[in-house]
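Plus 131 on top of the position in the sequence shown (first one is 1) and you've got the numbering used here.
This report refers to the structure that appears directly beneath it.
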Amino acid sequence: MAQTTIANCSNSSSSIIYSENEDFLHNFDFSSIADLQQVHQEKTLIVLGTIKQVCAEREWYCFTCIRCQQKVVKQILIHHDQSQDKEVFYCNTSSYINKVIYVVHSFKITIIVKDITGSVSLALYDSDAKKLIRKNAQELVHEFYKVGNNEIYPSALNILLKKKMAFKIQITLDNLNNKTEYYAISRITSNNTIIDELEKIMKMDRVKFFTLNATIIIVIDS
132 MAQTTIANCS
142 NSSSSIIYSE
152 NEDFLHNFDF
162 SSIADLQQVH
172 QEKTLIVLGT
182 IKQVCAEREW
192 YCFTCIRCQQ
202 KVVKQILIHH
212 DQSQDKEVFY
222 CNTSSYINKV
232 IYVVHSFKIT
242 IIVKDITGSV
252 SLALYDSDAK
262 KLIRKNAQEL
272 VHEFYKVGNN
282 EIYPSALNIL
292 LKKKMAFKIQ
302 ITLDNLNNKT
312 EYYAISRITS
322 NNTIIDELEK
332 IMKMDRVKFF
342 TLNATIIIVI
352 DS
């Protein structure tokens, strides 16, 4: 008998690689965090904010296929003869589907990001997390559990806190259908020039918002 679960541990990626400048300033719309709630279709957006917290309620790592680094299906093989149950993993991609594969630990860190309009939960995946933490998940998992740590997550993850960054995020059907405000990050940047440009866009958007509301109030009062 087998029990199956799917571990979604990968962010979607495009085969076309654009420069940071193209991706964050030209290819996709910018959104404040508060305005994410007004999106009603699948979309890629850019948000700007500061990492305020690593979410302790979610695991900070997951299992991925050692060959393609994509999500895996875990099956628990239950033995009725009371011998030990066994975990096996199957890759979910077409190349290796239904084949038992080896897995590695990969980062999937839930971070709370805040701008002047609000806060949001984002999933930071392996490739971006490794750049910021400067360790891989396999190494950190080994260190963390080897010492029998009582902390919820490794202190090494605290290096993420207070970092101001631009995030390219995905609004998916799952977000829309289930009204979940937890979005996958597909790219990050801390490039100061890009952040400065996005801050200008945010300021202009806020000016337009307050100007529009002031106009509405004047019309109503008159």
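Heads up, the beta-carbon is just placed ideally off N, CA and C, and yes, glycines get one too.
For residue i, name the three-state secondary structure that DSSP assigns.
i	result
Lys-334	helix
His-236	strand
Leu-255	strand
Ile-325	helix
Lys-261	helix
Ile-283	coil
Ile-290	helix
Cys-140	coil
Gln-200	coil
Thr-248	coil
Phe-298	strand
Ser-353	Caution is warranted here: a pLDDT of 47 is assigned to Ser-353, below 50, making its placement in the model unreliable, and the coordinate value is therefore given only provisionally. Coil, per DSSP.
Met-132	Any reading at Met-132 needs caution, since the residue's pLDDT is 41, under 50, leaving its predicted position unreliable; the model's value is listed next. It is coil, neither helix nor strand.
Leu-343	Confidence at Leu-343 is low in this model, with a pLDDT of 48, below 50, so its placement is unreliable and the value that follows should be read with caution. Helix.
Between residue i and residue j, how many whole angstroms is the CB-CB distance? I'm expecting something under 8 Å.
i	j	result
Tyr-314	Asn-306	7 Å
Glu-173	Ile-302	6 Å
Lys-117	Thr-181	The requested residue 117 does not occur in the structure, where the chain is confined to residues 132 to 353.
Ile-243	Ser-252	6 Å
Lys-245	Lys-183	5 Å
Ile-177	Asp-259	With 8 Å as the limit, Ile-177 and Asp-259 do not qualify as a contact, their Cβ atoms being about 15 Å apart.
Cys-199	Cys-222	7 Å
Val-170	Cys-196	About 31 Å; that fails the 8 Å criterion.
Lys-205	Cys-140	With a Cβ gap of about 11 Å, Lys-205 and Cys-140 do not count as contacting.
Are the CB atoms of residue i and residue j nearer to each other than 8 Å?
i	j	result
Phe-238	Leu-255	yes
Glu-151	Asn-289	no
Arg-328	Leu-167	Contrary to the premise, residue 328 reads as Glu rather than Arg in this sequence. Contact: no.
Leu-156	Ile-319	no
Phe-161	Phe-194	no
Ile-207	Glu-218	yes
Ala-268	Tyr-192	yes
Phe-159	Lys-295	no
Pro-285	Leu-271	yes
Ser-163	Thr-224	no
I'd like the span of the alpha helix (DSSP H) that includes residue i, first residue to last.
i	result
Val-219	Val-219 -> not in any alpha helix (DSSP H); beta strand (DSSP E) instead, spanning 217-222.
Tyr-276	268-277
Leu-304	304-309
Which residue marks the beginning of the beta strand (DSSP E) containing residue i, and which one marks its end?
i	result
Ile-319	313-320
Pick out the complete beta strand (DSSP E) segments inside the segment 143-193, 3 residues or longer, and give them in chain order.
Note on the segment 143-193: whole beta strand (DSSP E) runs with a minimum of 3 residues are 174-185, in chain order.
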